[in-house]
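**Q** Note that UniProt numbering gives residue 26 to position 26 of the sequence shown, counting from 1, and the numbers run on in steps of one.
Just so it is clear, CB atoms sit at the ideal spot from N, CA and C, and this is done for glycine as well.
This is the structure I have questions about; it appears just below.
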Amino acid sequence: MQRSLEEALSDIETAWQRQPDRLNKQVRLEQALTTLIEQQWVDGQRLPPHRQICQRIGVARNTLAGVIELLQSRHLLTTQHGRGSWSLRPAVSPPMGAASPVALSQRAQRILATSGASPIQSGAFVPGIPDIARFPMRRWRTLYATLTVPQNALLLSYSSGGYGPLKREIADFLRRGRGIECALEQIIITDGTHHGLELCALALADHGDRVVMDSPCYWGARNVFQATGLGIHQCRWQPGTGYRDLSSALHSPRMLYLTGARHYPLSVPMPIEDKRALVEQLSPELLIEDDYEFFEAHHRGLLFSPDDGRSILAGSFSKLMFPGLRLGYLVVPRALSGAINRVRSEVFREGRMLDQAVLARFMADGDLDRWCRRINREYLRRQQTLHDLLIDLPGVIDISPPAGTITLCVTLATDIDDVRLTRYLLNQYRLLVKPLSPVCAANDPRRGLVLGIGMVEGDTLERLGRQLAEGIRRFVERS
1 MQRSLEEALS DIETAWQRQP DRLNKQVRLE QALTTLIEQQ WVDGQRLPPH RQICQRIGVA
61 RNTLAGVIEL LQSRHLLTTQ HGRGSWSLRP AVSPPMGAAS PVALSQRAQR ILATSGASPI
121 QSGAFVPGIP DIARFPMRRW RTLYATLTVP QNALLLSYSS GGYGPLKREI ADFLRRGRGI
181 ECALEQIIIT DGTHHGLELC ALALADHGDR VVMDSPCYWG ARNVFQATGL GIHQCRWQPG
241 TGYRDLSSAL HSPRMLYLTG ARHYPLSVPM PIEDKRALVE QLSPELLIED DYEFFEAHHR
301 GLLFSPDDGR SILAGSFSKL MFPGLRLGYL VVPRALSGAI NRVRSEVFRE GRMLDQAVLA
361 RFMADGDLDR WCRRINREYL RRQQTLHDLL IDLPGVIDIS PPAGTITLCV TLATDIDDVR
421 LTRYLLNQYR LLVKPLSPVC AANDPRRGLV LGIGMVEGDT LERLGRQLAE GIRRFVERS
């Protein structure tokens, strides 16, 4: 339904206010209008006069003109000179002569039935996104420009097992942050954690082999294993009591997948004693630990040992730096490193040498360590703020203790429909969070909300945190 011009103007002001204050005005306005056009307004919604928009939100006419031009180039707006601008959602027509769409594979249907990736990847409480606005991108661009010179033309070619200097920096990084001493040959550079897990599944498991995961689990890993044809079983883990309801059917799986020093998505320290007891009980052929939320204070929580012939560590820089980097690593047993590297070369090829070189220099110069120390302190402050705003709400059973990571998990009473709650928060408050129940096993009744704090800070965090609290309170009272 078409909004009146005054309603549309109010929509723009609200969407503008939801954008992080630290972004420049053009980016804030671009994201605000994009959100409205793609998610709220109908096709053909007329924009208010440009002068009114500028006055309402306090931007210059040339700033708005630049945003309008950009959205036109993305086919989200159409403008008629002297008449105005309208939102644009081009209809997708079926190809000529197409009788019916090609059916998705059963594998794809299973993945989409429990999908966890959101089409919206920006916003106040979107999980899994670090503070990309604060990241020292100027320094990153300087390093990129320095290394992009003619004498470094080999960086534009395929890599062979990964960039050597980056492997050395990763080995030092793991020694400092995790107390792990590994050989360079054990390190395999990947295009992020998902790619590393897929590589493990292809190289070390066959179709139908079993992988055991926690309940609740990391949805991304579950989808990777499902896509590669593995049979997935979940075992329930509860902070303070450990693993429960273990079935004899779980014994001797091909793989056991665990998140690292901190459990994801519960965002609490994962005791190594619980992991060790589970491994002794299940006797998996292979253990994969995914260091999803790297946090130095909990380096003793890893069961991984570089000298264990059945143990693999997966890590990524996406949650530390910025998601678009898509670089990660595996630390694998010496006896397997050569074969896994060859499998990677045969199936995926290898590249990203320039990005690897920039990351290696960034780490060697101490930039990554400085960034982690700085942003971990900031994440802790944000989590403390949000924790205090939500802890006393009706229906809230517990909240993960504040820490220097990007995730906060709110545990709700089991009679609260967390899936409906997330839809309510999106529709009524334009706040995007993830429900906990879809990543829990059938015998695990837990409900909750998984929140990200990487994209919001300061006064904006206070304001949107209060809106989140209000939304939860209203939903629970009406349920």
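Apart from the five residues on each side of it in sequence, which residues of its chain come closer than 8 Å, Cβ to Cβ, to Val-343?
**A** Leu-199, Leu-202 and Ala-203
**Q** In chain order, what residues of the same chain have a beta carbon less than 8 Å from the beta carbon of Phe-125, not counting five sequence neighbours either side?
**A** Leu-431, Leu-432, Val-433, Leu-451, Gly-452, Ile-453, Met-455, Val-456, Leu-464 and Leu-468
**Q** Taking Ser-437 as the reference, give the member of Arg-74, Asp-11, Leu-266 and His-207 with the closest Cα.
**A** Leu-266
**Q** Can you say whether Gly-366 is buried or exposed, counting buried as having 16 or more other CB atoms within 10 angstroms of its CB?
**A** exposed
**Q** Excluding five sequence neighbours on each side, which residues of the same chain lie with their C-beta closer than 8 Å to the C-beta of Ile-68?
**A** His-50, Leu-77, Thr-79 and Ser-85
**Q** Taking the beta strand (DSSP E) that His-233 belongs to, which residues open and close that run?
**A** Looking at the DSSP string, the run of the beta strand (DSSP E) that includes His-233 is 231-238.
**Q** Can you tell me which of Thr-414, Gly-395 and Ile-391 puts its alpha carbon nearest to the alpha carbon of Arg-408?
**A** First, the amino acid is wrong: residue 408 is Leu here, not Arg. Of the listed residues, the one whose Cα sits closest to Leu-408 is Ile-391.
**Q** Answer with buried or exposed for Arg-447, where buried requires no fewer than 16 other C-beta atoms within 10 angstroms of its C-beta.
**A** buried
**Q** Check Trp-41 in the structure and name its three-state DSSP category.
**A** Trp-41 sits in coil when the DSSP states are folded into three classes, being neither helix nor strand.
**Q** List the DSSP bridge partners of Leu-287.
**A** Leu-256 and Ser-311
**Q** What does DSSP give as the partner residue(s) for Val-410 in the beta ladder?
**A** Ile-399 and Leu-449
**Q** Hey, out of Leu-143, Arg-276, Ser-305 and Gly-240, whose CA is closest to Arg-178's CA?
**A** Ser-305
**Q** Only counting the same chain, and skipping five residues up and downstream in sequence, which positions put a Cβ closer than 8 Å to that of Leu-380?
**A** Pro-402, Ala-403 and Gly-404
**Q** Look up Gln-384 in the DSSP assignment and give the residues it is bridged to.
**A** In DSSP, Gln-384 forms no bridge with anything.
**Q** List the endpoints of the continuous beta strand (DSSP E) containing Met-321.
**A** Note, Met-321: premise wrong, no beta strand (DSSP E); not H, not E.
**Q** Can you find the residues in the same chain that come closer than 6 Å, C-beta to C-beta, to Gly-58, ignoring five residues on each side of it along the sequence?
**A** none
**Q** Using alpha carbons as the reference points, say which of Glu-470, Gln-109 and His-251 lies closest to Leu-389.
**A** Glu-470
**Q** Against chain B, does Glu-30 count as a neighbour if the rule is that its beta carbon must be under 8 Å from one of theirs?
**A** Here there is only one protein chain, and chain B is not present.
**Q** Going by beta carbon distance, what residues of the same chain come within less than 7 Å of Arg-377, once the five residues before and after it are set aside?
**A** Gly-404, listed in sequence order.
**Q** Roughly how far, in whole angstroms, is the beta-carbon of Val-212 from the beta-carbon of Leu-282, given that I think they are within contact range, below 8 Å?
**A** 6 Å
**Q** Spatial neighbours of Ile-170 within its chain, please: CB distance less than 7 Å, with the 5 preceding and 5 following residues excluded, ordered by chain position.
**A** Ile-187 and Tyr-329
**Q** Under three-state DSSP, which class holds Tyr-329?
**A** Three-state DSSP puts Tyr-329 in a strand.
**Q** Look at the Cβ atom of Ala-290, then the Cβ atom of Tyr-257, and state whether they are nearer than 8 Å.
**A** Looking at the sequence provided, one finds Asp at residue 290 rather than Ala. Going by C-beta atoms, Asp-290 is nearer than 8 Å to Tyr-257.
**Q** Spell out the partners DSSP gives Arg-352 in its beta bridges.
**A** Note: Arg-352 sits in no beta bridge, so no partner.
**Q** Is the separation between the beta-carbon of Val-476 and that of Gly-351 shorter than 8 Å?
**A** no
**Q** So the beta strand (DSSP E) Gln-80 belongs to, where does it begin and stop?
**A** 77-80
**Q** Label Met-321 either buried or exposed according to how many other C-beta atoms from any shown protein chain fall within 10 Å of its C-beta, with 16 as the threshold for buried.
**A** buried
**Q** Pull up the DSSP beta-bridge partners for Asp-214, would you.
**A** Cys-235
**Q** Which of the three DSSP states is assigned to Ile-12 in this structure?
**A** helix
**Q** In angstroms with no decimal places, state the Cα-to-Cα distance between Leu-386 and Arg-262.
**A** 19 Å
**Q** DSSP three-state call for Tyr-292: helix, strand or coil?
**A** In this structure, Tyr-292 counts as coil in the three-state DSSP scheme.
**Q** Run the CB neighbour count on Asp-11, radius 10 Å, all protein chains shown included, and call it buried at 16 or more, exposed below.
**A** buried
**Q** Mind checking whether Leu-64 and His-75 have CB atoms under 8 Å apart?
**A** no
**Q** With a threshold of 16 other CB atoms inside 10 Å of the CB of Ala-15, please say whether the residue is buried or exposed.
**A** Buried, because 16 or more other Cβ atoms sit within 10 Å of the Cβ of Ala-15.
**Q** So, with DSSP's three-state summary, where would you put Thr-190?
**A** strand
**Q** Which partner residues does Trp-86 have in the DSSP bridge list?
**A** Arg-46 and Thr-78
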